[in-house]
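Heads up: the structure comes next, in structure tokens.
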Amino acid sequence: MWNIPPLTISLTGILFLILVYRLVRQRYPDIHPFALYHQSYIAPVRNSEESAVYRSTLTPFTYPLISGLNIREGHSFRDGDLRDIWNFAKKGKLGFVNKKGDPILYHDYDIELTPLLHTVASRFNEYVPGIKKIGIYLPNSIENVVTSFAAAHYSMETVLLPLVSDMGEMSRYLEISQPELLIFEAGVLDFTQLSLPESIQCLIIVVPSIQDHLEWKDQLDENVGSSISVRTWEDVVSSVSHPKTVVDAPEGALTEPAIIVPYTATNGKIELATFSHRNIVSAVATQLRVVPKSESFKSTDIVIPLDSLQNMYTRIMFFSALTAGATVVFCGTTSEGFDVDTLQTINPTIMIVSSKSLHHVLNYTPGPLTNLRLKRAQGILASGNLPWPVLRLFPKLRLIYTHYGQLPWQRQTKSSRANDKTGSLTSAQLSLLRALLGARVVYALTNPRIAGPICQTHIYDYRNLGAVRVFGPVVPALEAVVKDIEHLKGGDRQGHLFVRGLPTADRGWITTNIVGEWGDDGCFRELY
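Under UniProt numbering, think of the first position of the sequence shown as 1, with each following residue one higher.
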């Protein structure tokens, strides 16, 4: 017989097992690498002093840009409006958790929320006959959602007032937006310093349960005078089935503006971005199309918006989750950080969160053993696959939506963007987030005059390109160019970003005040 040393047999066996393991465990990348190097269609011609037009690969130049939800009605299709989004939402649930340890309180659409919606609209019309414009200054809450959808159902305009603490600035936002009714949370507005415009006829106070013992209504009556009526949310909902005034809901297509966002422009002037139902449903339909169905919002998802609904990007993502019939849960506090314990109670599958909040995760310092797992996870990402999470914080979390761009309450210039070290995320930081949380990250570039993202990263793009800010290709409802600015030339694919399409608040090409370049892969990268 053969005289083979035992050590040789052992080593051969180990090598054989390693080979079999690698063959069995071999995984193909989540997407073919070629697809990541060709993420945009580029027009064959261009105008002088600008780049060629860039489009998403989902909408080539012979195809129309995405315009709506494509709802079947008889033998035809229509784009839809916010009323349709509410009807789609009835497939899911809406929940709220106040603080750590509290159970999630779910609200039924048919039994509770829809009757409440119609009552709220009728009450508002009772308080301000013929009301057309409602100002909302609320955190993420049931009151915020019901008020905005009540306005949408009854052809009222919703003004999403920026969450600012400076009462002088808040006075200017109110003056330019001219709401007739203002709904706000108790204790957040100082009416001794706030100047109310003549348009306001009614104030609605939302009093948290822990503050029920305080006489907020009496305090306000003293500060605002007799010309403005003061009510509480409890007054509005006290007779859900028996409002004194019943207002008829309009039928047919809604052509009126749906949402108005006051924002501070780069020149310091306060301007209004007015979005119609068509602008909004176009942005929502884009989100449901741009991410593959297997990864997009589903009816089985638990979605938590950690960013404010006063931000149009967060609201569009929220509408997208509702349209898919997902369960949406609001957390009692929305801030730049987040309470891990409370989130673990909710155990979400999808998060909508600001890029600043994600920096709290990036500040994590791994130990020696965790560092080995992190390197292994980053190696798996480099091969084109998503690893198991290094930090096992949220077992079911599979997708994170985050964004960077000018918020309505920020005046953002070239110098302020250059000095902003925490607001944006580099490609290396996005890769680290994927490794730490074991979730896919969709990173978007936003602007106050555009409903939803301008560009966003591909959900399967795990590439680590280092310290560059990559925002992916333009979304399929928009098309984009860069134009000459200073020493940057559009012909070199560098310059000032302009976009057009249905999600924009204006017709034609609009400026974004963002300077960047198109990469060879068709992705937009911000320069400064």
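Idealized CB from N, CA, C, for every residue including glycine.
ask   = Going by alpha carbons, who is nearest to residue 331 out of 220, 317, 308, 320?
value = On the sequence shown, residue 331 is found 331 positions in, with the first residue counted as 1. Nearest of 220, 317, 308, 320 to residue 331, Cα basis: 308.
request  = Could you check the C-alpha separation between residue 79 and residue 389 for me, to the nearest Å?
outcome  = In the sequence shown, counting from the first residue as 1, residue 79 sits at position 79. In the sequence shown, counting from the first residue as 1, residue 389 sits at position 389. Near 39 Å, if we compare the C-alpha coordinates of residue 389 and residue 79.
task = Please name the residue in 305, 460, 134, 366 whose C-alpha comes closest to that of residue 141.
result = Within the sequence shown, numbered from 1, the residue matching residue 141 stands at position 141. Taking only the C-alpha atoms, the option nearest residue 141 is 305.
query = From the DSSP output, which residues share a beta bridge with residue 133?
reply = As a working mapping, residue 133 is identified with position 133 in the sequence shown. Paired residue(s): 157.
key: Opening and closing residue of the alpha helix (DSSP H) in which residue 174 lies   = Position 174 of the sequence shown, counting from 1, holds the residue named residue 174. Per DSSP, residue 174 belongs to the alpha helix (DSSP H) from 167–177.
ask   = Would you call the segment 142–157 and the segment 116–133 in contact, with 3 or more CB pairs under 8 Å?
value = yes
Boundaries (first-last residue) of the beta strand (DSSP E) holding residue 273 = Indexing the sequence shown from 1 puts residue 273 at position 273. Segment 270–276, the beta strand (DSSP E) holding residue 273.
ask   = Are residue 174 and residue 135 touching if we call contact CB-CB under 8 Å?
value = Position 174 of the sequence shown, counting from 1, holds the residue named residue 174. Position 135 of the sequence shown, counting from 1, holds the residue named residue 135. Contact: yes.
query = How many angstroms separate the CA atom of residue 403 from the CA atom of residue 366?
reply = For the purposes of this step, residue 403 is identified with residue 403 of the sequence shown, where counting begins at 1. For the purposes of this step, residue 366 is identified with residue 366 of the sequence shown, where counting begins at 1. Going by the C-alpha atoms only, they are around 26 Å apart.
message = Please classify residue 77 as buried or exposed, where buried requires at least 16 other C-beta atoms within 10 Å of its C-beta.
response = In the sequence shown, counting from the first residue as 1, residue 77 sits at position 77. Per the 10 Å Cβ criterion, exposed.
Boundaries (first-last residue) of the beta strand (DSSP E) holding residue 525 = Sequence index remark: in the sequence shown, residue 525 carries index 525 (1-based). Segment 524–526, the beta strand (DSSP E) holding residue 525.
request  = Report back the beta-carbon spacing between residue 200 and residue 228 to the nearest angstrom; my notes put them in contact at under 8 Å.
outcome  = Stepping through the sequence shown from its first residue, residue 200 is reached at position 200. Stepping through the sequence shown from its first residue, residue 228 is reached at position 228. Yes, they are in contact, since the Cβ atoms of residue 200 and residue 228 sit about 6 Å apart, within 8 Å.
request  = Run the CB neighbour count on residue 301, radius 10 Å, all protein chains shown included, and call it buried at 16 or more, exposed below.
outcome  = For the purposes of this step, residue 301 is taken as residue 301 along the sequence shown, with counting starting at 1. So residue 301 ends up on the buried side.
query = Any contact of the segment 347–357 with the segment 314–322, i.e. 3+ C-beta pairs under 8 Å?
reply = yes
ask   = alpha helix (DSSP H) containing residue 234: first to last residue?
value = Working through the sequence shown from its first residue, we reach residue 234 at position 234. Segment 233–237, the alpha helix (DSSP H) holding residue 234.
query = Are three or more beta carbon pairs between the segment 36–53 and the segment 487–503 nearer than 8 Å?
reply = yes
query = Looking only at C-alpha atoms, which of 486, 505, 507, 456 sits nearest to residue 524?
reply = As a position in the sequence shown, residue 524 is number 524, starting the count at 1. Nearest of 486, 505, 507, 456 to residue 524, Cα basis: 456.
Same chain only: Cβ atoms within 6 Å of residue 40, ignoring 5 sequence neighbours per side = Start at 1 with the first residue of the sequence shown, and residue 40 comes out as number 40. The residues are 54, 473, 522.
Whole-angstrom distance between residue 517 and residue 493, CA atom to CA atom = Here residue 493 refers to the residue found at position 493 when the sequence shown is read from its first residue. Here residue 517 refers to the residue found at position 517 when the sequence shown is read from its first residue. Their Cα atoms are separated by approximately 5 Å.
query = Would you call residue 401 buried or exposed, if buried means 16 or more other Cβ atoms sit within 10 Å of its Cβ?
reply = Mapped onto the sequence shown, residue 401 falls at position 401. Buried is the call here.
request  = State the DSSP-derived secondary structure class of residue 228, mapped to helix, strand or coil.
outcome  = Indexing the sequence shown from 1 puts residue 228 at position 228. In this structure, residue 228 counts as coil in the three-state DSSP scheme.
ask   = For the segment 25–53, which segments carrying the beta strand (DSSP E) assignment without a break, of at least 3 residues, lie completely within its bounds, in sequence order?
value = 40–42
request  = On the DSSP bridge assignment, give the partners of residue 518 in chain order.
outcome  = Translated into the one-based positions of the sequence shown, residue 518 becomes position 518. Residue 518 is bridged to 524.
Residue 303 versus residue 12: straight-line alpha-carbon distance, rounded = Counting from 1 along the sequence shown, the entry for residue 303 is found at position 303. Counting from 1 along the sequence shown, the entry for residue 12 is found at position 12. Taking the straight line from one Cα to the other gives about 50 Å.
message = I'd like to know if the segment 186–197 and the segment 287–294 are in contact, where contact means that at least 3 CB-CB pairs between them fall below 8 Å.
response = no
inquiry  = Could you tell me the alpha carbon to alpha carbon distance between residue 280 and residue 451, rounded to whole angstroms?
reply    = For the purposes of this step, residue 280 is taken as the residue at position 280 of the sequence shown. For the purposes of this step, residue 451 is taken as the residue at position 451 of the sequence shown. So the two alpha carbons sit approximately 6 Å from each other.
query = Across which residues does DSSP place residue 257 in a beta bridge pair?
reply = Here residue 257 refers to the residue found at position 257 when the sequence shown is read from its first residue. Note: residue 257 sits in a beta bridge opposite 276.
ask   = In whole angstroms, what is the alpha-carbon distance linking residue 274 and residue 438?
value = Start at 1 with the first residue of the sequence shown, and residue 274 comes out as number 274. Start at 1 with the first residue of the sequence shown, and residue 438 comes out as number 438. Going by the C-alpha atoms only, they are around 38 Å apart.
message = Do residue 272 and residue 195 have their beta-carbon atoms positioned less than 8 Å apart in this structure?
response = Walking along the sequence shown from the start, residue 195 turns up at place 195. Walking along the sequence shown from the start, residue 272 turns up at place 272. Contact flag unset, no.
key: Candidates 371, 454, 520: closest to residue 284 by CA position   = As a working note, residue 284 is residue 284 in the sequence shown. Closest by alpha carbon: 454.
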